[in-house]
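2 protein chains.
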Amino acid sequence: MSVTAARGFEAAGVACGIKDDGRADLALVATADRRPVPAAGVFTVNLATAPPVVVTRAHLHATGGQAAAVVLNSANANAATGDPGRADAEETCALVADRLGCRGEEVLVCSTGLIGIPLPMAAIRAGVPAVTGALSAGGAADAARAILTTDTTAKEVAVSGAGFTVGGMAKGAAMLAPHMATMLAVLTTDAAASPAELDAALHAGVADSFNALSIDGCCSTNDTVLLLASGLAGPVGHAELTAAVVEACADLAGQMAADAEGATKVVRVVVTGAASPDDASRVARRIADSQLCKCSWYGADPYWGRVVSEAGSAGAAFDPERVSVAYGGVTVCAGGVAAPHDAAALTEVMARRNLEIAVDLGLGQGAGSILTNDLTHGYVDENMRTS
Amino acid sequence: MSVTAARGFEAAGVACGIKDDGRADLALVATADRRPVPAAGVFTVNLATAPPVVVTRAHLHATGGQAAAVVLNSANANAATGDPGRADAEETCALVADRLGCRGEEVLVCSTGLIGIPLPMAAIRAGVPAVTGALSAGGAADAARAILTTDTTAKEVAVSGAGFTVGGMAKGAAMLAPHMATMLAVLTTDAAASPAELDAALHAGVADSFNALSIDGCCSTNDTVLLLASGLAGPVGHAELTAAVVEACADLAGQMAADAEGATKVVRVVVTGAASPDDASRVARRIADSQLCKCSWYGADPYWGRVVSEAGSAGAAFDPERVSVAYGGVTVCAGGVAAPHDAAALTEVMARRNLEIAVDLGLGQGAGSILTNDLTHGYVDENMRTS
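From first to last, the protein sequence lines are chains A and B.
Taking numbering that gives the first Met the number 0, the leading residue of the first sequence gets 0, the next gets one more, and so forth.
Taking numbering that gives the first Met the number 0, the leading residue of the second sequence gets 0, the next gets one more, and so forth.
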């Protein structure tokens, strides 16, 4: 069900020929009655913004936050494609709008895949009638599959609130699947909410999930998270809606981390005792993005010296004599120096697929965490060539 | 000759047993007459500063920039070792001073290797008489070998100025050799210069060499570059001295990049047309530190989309429609979109061991460059386990 779990939405996914192996590559999510509903979006902060992001932002702005559909293609990012790329993104929206009977600016568009290659519009033009014709309440799984690139599994979620539902689908994580870059997510709810309320709930959801997920520290040209609200479940408290959106986003982010390219471990870096929450996040991200730390996790090597070194160079307040480090609850460094510990317990912890690394800076109350992965031979294999 | 190429210096390198395979691991550079001379240092900005860095800084401060010797050990960083680590670093200096007949604070100390393990002082105590006894003007090569960790070749340089010489030796590059972390370099000159003049020349040299070299974006606990001046060649113009120090540092940095762990390519990222020099450096470093770009260079894949994506997320002013990218002079992106190019020429360029990537942002006069490497299976192999 996922992106159609909330009442009032339909979805579909078809193969239109962008992928050369016949896998599905064009997805559509639309309101069941084809009328626009309140919508909000969060987008990449990369200044090399892809045309579909530019167009989707402009459409949300023009409509004051209303959308009837989201069309998504995989295998081509329509990024670094200039004015022709913007025209292609607009034409894609217009083609969908024409079929659905809404206005072009009520359609949002997302693309994911290789950068710098013109979108194959012949494939898109052939695919739009097929994907609009296939729309149904049962089409969520097809849609979720059609947005995948190097992902190995579809990522879907449905969260039940008190009388309402938040559902969604996603692909990749930031530059998790960089062959065909981009993290995309579409969420729907049947709660009644204004665009501003959706925007607030979505920003809260993204902050603790997608923005606390770092696969390789890169930031894509196409990252987009959208939330549409049909209103069929009636008004919902803001806190309840936000909680459900946060839960849905966190679930999808966890699925992304579990499916990261070439990864053998899902690692949560938890930083406490920082001088501020910002400092905690900065240290967690520095450790999560460190090639050296990532390689050591791959090797199940509890070499905490690298963790301390990264913490000390993160640009946050740091006192080398106050830092402690624990792997899966086994403290290996305390007061800045090696701590006696149970070697067998540490070996067992390091062998796990899910590893938690706790760093306490001993300075204050700031806390933060990042979900990430190890750096593996598989990652290098996947990313050394795009074709 | 290298670190003894300038008149007035001797050096030695011996095996004292820190490395378990019998390779040399203790080096010494000293003035020929064992008297202190003007000296300056540049150190890591990592706040997890290792005790030898703390001690060397304190000694230079106490003496007002005078040193008679530098003692260096490899295979143990004496980092994250707390008060005992500082006592060990001080004892090492005192042992050397006792043998040379100078004061302990006239001896500087550097360590490179694994973090978090107490320095094996029994080995150091046994090694100091051996290394002081071996000092000679012909000992430079032995000293250069004794500071290596995972480096495959010794790194030495001698630059001839007008009537004076700058020589030096180095190991590793930042976290280039992270098994046993740390970049160290000791430079000597026979030019006569005050500590302040040496400090200015050294900062200029480091800025355009070691600080423009990024292997994996990490910043070690022990990085140290020292410069001692015997004065035997008499006074030298500041510009001439600076030029020679810059040349020596750049040469050593190039040797480090050429010997980076697991690397198959040396890559220079040159950014022009930035809104400011700071912006140019930021963009160059972002590209150089990108796991995705590094993997693509390993695969000889000219996928410029990643370069543009990193440029757009570097925190610098950026206009996606003005950026151009060239690999080895072959322009692949112009005005933010794919540029027609000679595919055969591009393939030939991408296959080279030395690759230059030129990014022009089309915004202003800011320029900057970074020397770096590719990310390879060999890097993962070297760094997934410390033992």
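Beta carbons are placed, not taken as given, at the ideal position from N, Cα and C, and that holds for glycine.
Close-in-space but distant-in-sequence residues of the same chain around residue i (CB under 6 Å, 5 per side omitted)
i, result
"threonine 375 (chain A)", "Gly261, Thr263, Tyr297"
"alanine 387 (chain A)", "Residue 387 (chain A) cannot be examined here, being either before or after the span of chain A that is shown, 0 to 386."
"alanine 315 (chain B)", "Asp278, Arg281, Val282"
"alanine 257 (chain A)", "Val265"
"leucine 226 (chain A)", "Ala39, Leu186, Leu197, Leu201"
"glycine 16 (chain A)", "Ala122"
"arginine 321 (chain B)", "Gly361"
Minimum C-alpha distance to residue i - residue among the options
i, options, result
"glycine 40 (chain A)", "A:Ile123, A:Ala342, A:Asp32, A:Val54", "A:Val54"
"arginine 267 (chain A)", "A:Gly363, A:Ala57, A:Leu370", "A:Leu370"
"leucine 99 (chain A)", "A:Arg34, A:Gly63, A:Gly84", "A:Arg34"
"leucine 223 (chain A)", "A:Met168, A:Gly253, A:Gly304, A:Leu231", "The residue asked about is misnamed: residue 223 (chain A) is threonine in this sequence, not leucine. The candidate whose alpha carbon is nearest that of threonine 223 (chain A) is A:Met168."
"histidine 20 (chain B)", "B:Ser73, B:Pro319, B:Cys101", "Sequence check: residue 20 (chain B) is aspartate here, not histidine. The shortest C-alpha separation from aspartate 20 (chain B) is found at B:Ser73."
"valine 28 (chain A)", "A:Leu291, A:Ala47, A:Arg22, A:Ala4", "A:Ala4"
"valine 347 (chain B)", "B:Gly334, B:Gly361, B:Val329, B:Val336", "In the sequence as presented, valine is not what sits at residue 347 (chain B); that position holds glutamate. Ranking B:Gly334, B:Gly361, B:Val329, B:Val336 by Cα distance to glutamate 347 (chain B) puts B:Val329 first."
"serine 323 (chain A)", "A:Ala337, A:Val44, A:Met120", "A:Ala337"
"threonine 131 (chain B)", "B:Ala26, B:Tyr326, B:Ala143", "B:Ala26"
"glutamate 104 (chain B)", "B:Leu59, B:Ala232, B:Gly236, B:Gly126", "B:Leu59"
"phenylalanine 163 (chain B)", "B:Gly304, B:Ala195, B:Ser312, B:Leu231", "B:Leu231"
"serine 208 (chain B)", "B:Asp288, B:Ala153, B:Gly304, B:Val244", "B:Val244"
"serine 213 (chain B)", "B:Gly166, B:Gln290, B:Val127, B:Pro119", "B:Gln290"
"cysteine 248 (chain A)", "A:Leu345, A:Ala195, A:Thr188", "A:Thr188"
"leucine 183 (chain A)", "A:Val235, A:Thr241, A:Pro339, A:Met255", "A:Met255"
"arginine 352 (chain B)", "B:Ala157, B:Asn372, B:Gly12", "B:Asn372"
"isoleucine 49 (chain B)", "B:Val13, B:Ala86, B:Arg22", "Per the sequence shown, residue 49 (chain B) should be read as alanine rather than isoleucine. Ranking B:Val13, B:Ala86, B:Arg22 by Cα distance to alanine 49 (chain B) puts B:Ala86 first."
Extent of the continuous alpha helix (DSSP H) to which residue i belongs
i, result
"alanine 199 (chain A)", "194-206"
"cysteine 332 (chain A)", "Where cysteine 332 (chain A) is concerned, there is no enclosing alpha helix (DSSP H), although the beta strand (DSSP E) it sits in stretches over 329-333."
"glycine 84 (chain A)", "81-99"
"valine 306 (chain B)", "303-311"
"cysteine 15 (chain B)", "Segment: none, cysteine 15 (chain B) is in no alpha helix (DSSP H) and carries neither H nor E."
"proline 339 (chain B)", "No alpha helix (DSSP H) contains proline 339 (chain B), which DSSP labels as neither H nor E."
"valine 130 (chain A)", "120-132"
"isoleucine 286 (chain B)", "276-287"
"alanine 142 (chain B)", "139-145"
"leucine 394 (chain B)", "The displayed coordinates of chain B run from 0 to 386. Any statement about residue 394 (chain B) would go beyond what the structure contains."
"serine 295 (chain A)", "290-297"
First and last residue of the uninterrupted beta strand (DSSP E) at residue i
i, result
"arginine 267 (chain B)", "265-273"
"methionine 168 (chain A)", "164-170"
"threonine 187 (chain B)", "183-191"
"valine 358 (chain B)", "353-359"
"valine 108 (chain A)", "106-111"
Own chain residues within Cβ distance below 7 Å of residue i, not counting five before or after
i, result
"alanine 176 (chain B)", "Summary for alanine 176 (chain B): the model assigns pLDDT 34, below 50, so the residue's position carries little reliability; its value from the coordinates is reported in the next sentence. Same-chain partners within the cutoff: Thr148, Thr149, Asp150, Glu260."
"glutamate 116 (chain B)", "Here residue 116 (chain B) turns out to be isoleucine, not glutamate, going by the sequence shown. Asn75."
"glutamate 9 (chain A)", "Thr3, Ala29, Ala31, Leu134, Ser135, Ala136, Gly138"
"aspartate 341 (chain A)", "Val329"
"aspartate 380 (chain A)", "Gly261"
"valine 127 (chain B)", "Leu94, Val95, Arg98"
Neighbourhood of residue i by C-beta distance below 8 Å, restricted to the same chain and skipping five residues each side
i, result
"aspartate 300 (chain A)", "Met349"
"asparagine 45 (chain B)", "Cys218, Ser219, Thr220, Asp222"
"valine 36 (chain B)", "Gly7, Thr30, Gln65, Ala66, Ala67, Leu227, Ala228, Ser229, Gly230"
"cysteine 292 (chain A)", "Ile286, Arg305, Val306, Glu309"
Where residue i sits in the DSSP three-state scheme
i, result
"proline 177 (chain A)", "With a pLDDT of only 33 at proline 177 (chain A), under the threshold of 50, the placement of this residue in the model should not be trusted, and no figure is reported."
"valine 156 (chain B)", "strand"
"glutamate 246 (chain B)", "helix"
"asparagine 77 (chain B)", "coil"
"glycine 377 (chain A)", "helix"
"glutamine 254 (chain A)", "helix"
"glutamate 347 (chain B)", "helix"
"phenylalanine 209 (chain B)", "helix"
"asparagine 382 (chain A)", "helix"
"proline 410 (chain B)", "Since the first and last residues shown for chain B are 0 and 386, residue 410 (chain B) lies out of range."
"leucine 27 (chain A)", "strand"
"isoleucine 369 (chain B)", "strand"
"glutamate 320 (chain B)", "coil"
"serine 219 (chain B)", "coil"
"threonine 43 (chain B)", "coil"
"glutamate 239 (chain B)", "helix"
Cutoff 8 Å: residue i Cβ touching any chain D Cβ
i, result
"leucine 345 (chain B)", "In the structure shown, chain D cannot be found, because the protein chains are A and B."
Practice task
Identify each residue in the segment 269-298 of chain B for which the Cβ-Cβ distance to at least one residue of chain A is less than 7 Å, and report them in chain order.
Solution key: Ser289, Gln290, Leu291, Cys294, Ser295, Tyr297, Gly298
Handout entry: chain B contacts made by the segment 367-383 of chain A, where a contact means CB separation under 9 Å
Key = Asp373, Leu374, Thr375, His376, Tyr378, Val379, Asp380, Glu381, Asn382, Met383
Handout entry: Within 9 Å of chain B by C-beta, residues of the segment 21-45 of chain A in sequence order
Key = Thr43, Val44, Asn45
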